[in-house]
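J.: Could you have a look at this structure, given as structure tokens, before my questions?
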Amino acid sequence: MKPQNNIKIISKYAFMFFASQLMIFSLPIDSHAQSKQGSSAQSATSSSPQPASVPKAESEKTDPPVFPMVTVEGKAADEVAGYVAKRSITATKTDTPILEIPQSISVVTRHEMDMRSVQNFTEALRYVPGVTVDQFGFDGRGFEYILMRGFNGNPNANFRDGLSNAAQGLFFNSFITETYGLERVDVLRGPSSVMFGRGDAGGIVNRVTKRPNANPVREIEFQYGNFDRKRIAADVGAVSKDGTIMFRLVTTALETGTQVRYPNTGGERAQIERFYIAPSITWRPTNATSITLMGDILQNRSGSSPFYIAAPDGSFSNVLQSDPKFSRYNTNQASFSYQIEHHFNEAFTARQNFRYTQQTGNFQDLFSNGFLTADRPTFADRGTYATNERLSQIVLDTHLQGKLDTGPFNHTVLLGADWNQTNASLKYFEGYNNGFVPPGIDLLNPVYGVPIPRPDVLGINAKQRIDQLGFYIQDQIRYNENWILTLSGRYDRIHSKDNDLLSVSTTRVKDSAFTGRAGLTYLFSNGIAPYFSYSQSFLPQAGFDSNNKPFDPTRGEQFEAGIKYQPVGGRSLYTAAFFDLSKTNVLSRDPTDETGFRFMQLGEVRSRGVELEARAELLRGLNMIGSFTYHDVENVKDTDFRGKRPVQVPTTMTSGWLDYSFGALGIDWLRGFGLGGGVRYIGRVFNEEDNISTTPSFTLFDATLRYERGPMLFTVNASNIFNNKYIASTFFGRHYLGTERTVIGTLAFRF
């Protein structure tokens, strides 16, 4: 990094941090408020007001009302216990115990992210069953590649605070997540369109951001790691004396090198710079009303794509297709959101959630097809490209929740509507500059740093707009305190408009879909809850068939049976799920078209499997996470690849994590010490659609060591501690190198 860049980022952060301190200490603090750091114990709804009867007006009273501190009895107080969450709003949009949700859901808590020192979003999901991450190996550009039950989750599985975050640009742009700004991550597996509209069959991932809560928060972190990683972060918040105003500010700045190293350059590496700041404030004018405003700004600068050119025999080479003097991935992102909740009485509650997000991306890089010719077996040609992208999304969700009784049946009814608009634009510049051909690269003697001009031949100039309007209804019916029937239905209309500004052409497509979900759960008194469910999804897709008819959306359909067990009064959750999931209307090549560019909607992909998960406090001080995944994924209908397995989808995955706090032994000199470790196994994957070659399986080990004394917490975390050099996948002649060993030390003060 250049010294002036260091000074710029650190000074920017210092200004924001000290400004936040002034704001925090300017608020009158309730002397009875807890002073401990409480972020990891708060739920997604912990700042929500509770229903309260409105007192009669008393004209003789002139003193202003005093509102108590926020408490969520029996809910937020028990929402999270270390690694275990007991409730979620993601699956149903109502605050529901996980035992009562008839679908697979996993929750990655803030405590887990801190204990494992999660540095990017995909790391947070490494121990979740049914989810494959990092299939392109290490990637410092901020992209979040996710597979769920064998289906691509990028970007359509992306949600934040219950609202779609699934917008995607016309080339690279998609929204980036800063994990330090998260309170938890809810992973809902299986078709979920009934609550959220368009989405793929694998499920959704809901990022729950930090927001004001009843406990004052004061935390600052200093971090250093290998590759000269430097990060500073702060999380500060307070509550006014009367409890009506809560404030929070989260910010972090990062500078680091990466494992992406250019040969023959004296050790030059790709770099990453990131800055993030997220203020939020909650106002409770009455006990029945809560208004929360949130905003964030994220800047990400990274220097290279992590793509390695394969050697002539197909083996791995350390030659990168990019160049440190040319390759750039610069992203600026900002959002504003609000959440309003009002309790009319103990039975009826209205909520409205809104978010506007915008992002600009300026990317330039080199590319190689990766395939070497016989006459030049060690030489690869390269081209250049550059893009200017803009992406914005507006999401609005409004719903009314009512609790009703009809005879022996207790109903929690939800009626709602949501609207989502995405706008994207792209200018793509071709890889030739007035006759200049970018230099190729020799695998035996790669040369980097040769001056390469930015391309200026405009190849694509396009705009896209997508509007989605949906209406949904849900009824959670409880009978005799044991039976719970969940019924949901939804109707969506989607309009898309694509403008090609070069050819001056416009394409308009309209889609609509009905989706539903039905689930039945039985609650035993000992904490066992078997369930069965049926759910659907739909996802529009671009393109036209040979008759110039727009393709219909893909449809997902799943049957799932499972069992959940949460010991009464315990801090554990065990789940097992068995599912049969199919996705139809998948595009398949038209065999009558000689060009190979026409497709038909004859394809079907089926995914069957089992997923096991355990999150438990086994003994006092001893916590564990365990998961097992078996996925049988197959193209059951296709003109070319029938019976084949989709690429980059492992059949088997398993992981386990143990964490022990030595203070549980009662030995004075061991108090504050903790130790943890984990193992992750990812099975082999196919590299091509015709399943000719495979990338081998691999096993990785992680570890953590910590010491806590008073307000200070010092941790050392290591990922891939034995530095296993593995290939995550191989695709189109490129190798994707897995994440190497990372060692990070963090010094945190919480006061």
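The sequence shown: position 484 = 484 (full-length UniProt numbering), numbered continuously.
Think of the CB as a built atom: it goes at the ideal place given N, C-alpha and C, for glycine as much as any other residue.
#1: If you scan the UniProt domain "TonB-dependent receptor plug" (99 to 204) from start to end, which runs of the beta strand (DSSP E) of 3 or more residues do you find wholly inside it?
#2: Spatial neighbours of residue 644 within its chain, please: CB distance less than 8 Å, with the 5 preceding and 5 following residues excluded, ordered by chain position.
#3: Compare the C-alpha of residue 607 against each of 126, 151 and 85 and name the closest.
#4: Would you kindly check if the distance between the Cβ of residue 99 and the Cβ of residue 485 is under 8 Å?
#5: Work out the CA separation of residue 117 and residue 746 for me, nearest whole Å.
#6: Can you tell me whether DSSP reads residue 375 as helix, strand or coil?
#7: Assuming residue 493 and residue 83 make a contact with CB atoms under 8 Å, what is their CB distance in whole Å?
#8: Along the chain, which unbroken stretches of the alpha helix (DSSP H) at least 4 residues long are found entirely within the segment 487 to 549?
#9: How many angstroms separate the CA atom of residue 605 from the CA atom of residue 631?
#10: Assess, as a yes-or-no matter, whether the segment 402 to 410 is touched by the segment 342 to 356 under the definition of 3 or more beta carbon pairs within less than 8 Å.
#11: Where does residue 661 land, buried or exposed, given buried means 16+ other C-beta within 10 angstroms?
#12: On the DSSP letters alone, give me the boundaries of the beta strand (DSSP E) that residue 566 sits inside.
#13: Return the chain-ordered list of same chain residues with a C-beta closer than 7 Å to the C-beta of residue 475, the five sequence neighbours on each side being excluded.
#14: Whose C-beta lies closer than 6 Å to the C-beta of residue 499 among residues of the same chain, with five residues either side of it excluded?
#15: Using CA atoms only, rank isn't needed, just tell me which of 697, 574, 560 and 453 is closest to residue 203.
#16: I need the straight-line Cα distance from residue 69 to residue 620, nearest angstrom please.
#17: Assuming residue 737 and residue 159 are in contact, meaning their beta carbons sit under 8 Å apart, how far apart are those beta carbons, in whole angstroms?
#18: What is the DSSP secondary structure of residue 551, reduced to helix, strand or coil?
#19: Please classify residue 684: is it buried, with 16 or more other beta-carbons within 10 angstroms of its beta-carbon, or exposed?
#20: Report back the beta-carbon spacing between residue 541 and residue 556 to the nearest angstrom; my notes put them in contact at under 8 Å.
#21: Pick out whichever of 341, 249, 261 and 480 has its Cα sitting closest to the Cα of residue 289.
#22: Select from 730, 564 and 667 the residue whose C-alpha is nearest the C-alpha of residue 694.
#23: Does the Cβ of residue 374 have 16 or more other Cβ atoms within 10 Å, making it buried, or fewer, making it exposed?
#24: Should residue 481 be labelled buried (16 or more other beta-carbon atoms within 10 Å of its own) or exposed?
#25: Using 8 Å as the threshold, is the C-beta distance between residue 773 and residue 171 below it?
#26: Measuring only the C-alpha atoms, how far is residue 11 from residue 167?
#27: If you check the beta carbons only, do residue 89 and residue 188 fall under 8 Å apart?
#28: Report back the beta-carbon spacing between residue 93 and residue 195 to the nearest angstrom; my notes put them in contact at under 8 Å.
#29: Check whether the Cβ atoms of residue 383 and residue 366 sit closer than 8 Å, and answer yes or no.
#30: So, helix, strand or coil for residue 663, using DSSP?
#31: Three-state secondary structure (DSSP) at residue 747?
#32: Any contact between the segment 172 to 182 and the segment 295 to 305? By contact I mean 3 or more CB pairs, one from each, below 8 Å.
#33: In the segment 268 to 319, which residue ranges form an unbroken beta strand (DSSP E) of at least 3 residues, counting only runs that do not cross its ends?
#34: Measuring straight from C-alpha to C-alpha, what distance separates residue 589 and residue 599?
#35: Please classify residue 632: does DSSP put it in a helix, a strand, or coil?
#36: Rounded C-beta distance between residue 424 and residue 391? I'm assuming under 8 Å.
T.: According to the structure shown:
#1: The UniProt domain "TonB-dependent receptor plug" (99 to 204) contains these whole beta strand (DSSP E) runs: 105 to 109, 131 to 133, 146 to 148, 158 to 160 and 182 to 189.
#2: Counting from 1 along the sequence shown, the entry for residue 644 is found at position 644. Result list for residue 644: 634, 635, 638, 686, 689, 690 and 691, in chain order.
#3: The residue given as residue 607 occupies position 607 in the sequence shown. Nearest option by C-alpha distance: 151.
#4: The residue labelled residue 485 in the question sits at position 485 within the sequence shown. The residue labelled residue 99 in the question sits at position 99 within the sequence shown. No, they are not a contact pair.
#5: On the sequence shown, position 746 is the one that residue 746 refers to. On the sequence shown, position 117 is the one that residue 117 refers to. Rounded to the nearest angstrom, the two C-alpha atoms are 8 Å apart.
#6: Against the sequence shown, residue 375 aligns to sequence position 375. It is coil, neither helix nor strand.
#7: For the purposes of this step, residue 493 is identified with residue 493 of the sequence shown, where counting begins at 1. For the purposes of this step, residue 83 is identified with residue 83 of the sequence shown, where counting begins at 1. So it is not a contact: roughly 41 Å between Cβ atoms.
#8: As summarised for the segment 487 to 549, there are no continuous alpha helix (DSSP H) elements at least 4 residues long confined to that stretch.
#9: Walking along the sequence shown from the start, residue 605 turns up at place 605. Walking along the sequence shown from the start, residue 631 turns up at place 631. Here the C-alpha atom of residue 605 lies approximately 12 Å from the C-alpha atom of residue 631.
#10: yes
#11: For the purposes of this step, residue 661 is taken as residue 661 along the sequence shown, with counting starting at 1. Under this definition residue 661 is a buried residue.
#12: Taking the first residue of the sequence shown as 1, we reach residue 566 at position 566. Segment: none, residue 566 is in no beta strand (DSSP E) and carries neither H nor E.
#13: Looking up residue 475 in the sequence shown gives position 475. The answer, listed in chain order, is 411, 413 and 487.
#14: By 1-based counting over the sequence shown, the position of residue 499 is 499. Excluding sequence neighbours, residue 499 sits near 463 and 506.
#15: As a working note, residue 203 is residue 203 in the sequence shown. Considering only alpha carbons, the answer is 560.
#16: Translated into positions along the sequence shown, residue 69 becomes position 69. Translated into positions along the sequence shown, residue 620 becomes position 620. Confidence at residue 69 is low in this model, with a pLDDT of 38, below 50, so the placement of that residue is unreliable and no value is reported for it.
#17: Numbered from its first residue, the sequence shown carries residue 737 at position 737. Numbered from its first residue, the sequence shown carries residue 159 at position 159. That belief does not hold up - the Cβ atoms of residue 737 and residue 159 are roughly 30 Å apart, past 8 Å.
#18: Taking the first residue of the sequence shown as position 1, residue 551 is located at position 551. DSSP places residue 551 in coil when its eight states are reduced to three.
#19: Within the sequence shown, the letter at position 684 stands for residue 684. For residue 684, the number of other beta carbons within 10 angstroms of its own is below 16, and it is reported as exposed.
#20: Position 541 of the sequence shown, counting from 1, holds the residue named residue 541. Position 556 of the sequence shown, counting from 1, holds the residue named residue 556. Actually they do not touch by this definition, with Cβ atoms about 13 Å apart.
#21: Here the question's residue 289 lines up with position 289 in the sequence shown. Minimum Cα-Cα distance from residue 289 among the listed residues 341, 249, 261 and 480 corresponds to 341.
#22: Your numbering for residue 694 matches position 694 in the sequence shown. Closest option to residue 694, Cα to Cα, is 730.
#23: Walking along the sequence shown from the start, residue 374 turns up at place 374. Residue 374 comes out exposed.
#24: Sequence index remark: in the sequence shown, residue 481 carries index 481 (1-based). Per the 10 Å Cβ criterion, exposed.
#25: Given a span of 1 to 751 for the chain in the structure shown, any question on residue 773 remains unanswerable.
#26: Sequence index remark: in the sequence shown, residue 11 carries index 11 (1-based). Sequence index remark: in the sequence shown, residue 167 carries index 167 (1-based). Residue confidence for residue 11 is low, a pLDDT of 45 falling below 50, so the modelled location carries little weight; the figure read from the coordinates is stated next. Straight-line Cα distance between these residues: approximately 32 Å.
#27: Translated into the one-based positions of the sequence shown, residue 89 becomes position 89. Translated into the one-based positions of the sequence shown, residue 188 becomes position 188. No.
#28: Residue numbering aside, residue 93 sits at position 93 when the sequence shown is read from its first letter. Residue numbering aside, residue 195 sits at position 195 when the sequence shown is read from its first letter. Indeed, because the Cβ distance is near 6 Å, the residues count as touching under 8 Å.
#29: What you label residue 383 is simply residue 383 of the sequence shown in a count that begins at 1. What you label residue 366 is simply residue 366 of the sequence shown in a count that begins at 1. Yes; because the gap between Cβ atoms is below 8 Å, this pair is in contact.
#30: To locate residue 663, count along the sequence shown from 1; it is residue 663. Note: residue 663 maps to helix in three-state DSSP.
#31: For the purposes of this step, residue 747 is identified with residue 747 of the sequence shown, where counting begins at 1. Reduced to three states, the DSSP call for residue 747 is strand.
#32: By the Cβ rule, the segment 172 to 182 counts as touching the segment 295 to 305, because three or more pairs are nearer than 8 Å.
#33: Counting only runs of at least 3 residues, the segment 268 to 319 fully encloses the following beta strand (DSSP E) elements, listed from N- to C-terminal order: 269 to 286, 289 to 302 and 307 to 309.
#34: Along the sequence shown, one-based indexing puts residue 589 at 589. Along the sequence shown, one-based indexing puts residue 599 at 599. Distance between the alpha carbons of residue 589 and residue 599: 4 Å.
#35: By one-based count along the sequence shown, residue 632 stands at place 632. Three-state DSSP puts residue 632 in a strand.
#36: For the purposes of this step, residue 424 is taken as residue 424 along the sequence shown, with counting starting at 1. For the purposes of this step, residue 391 is taken as residue 391 along the sequence shown, with counting starting at 1. Right, their Cβ atoms sit about 5 Å apart.
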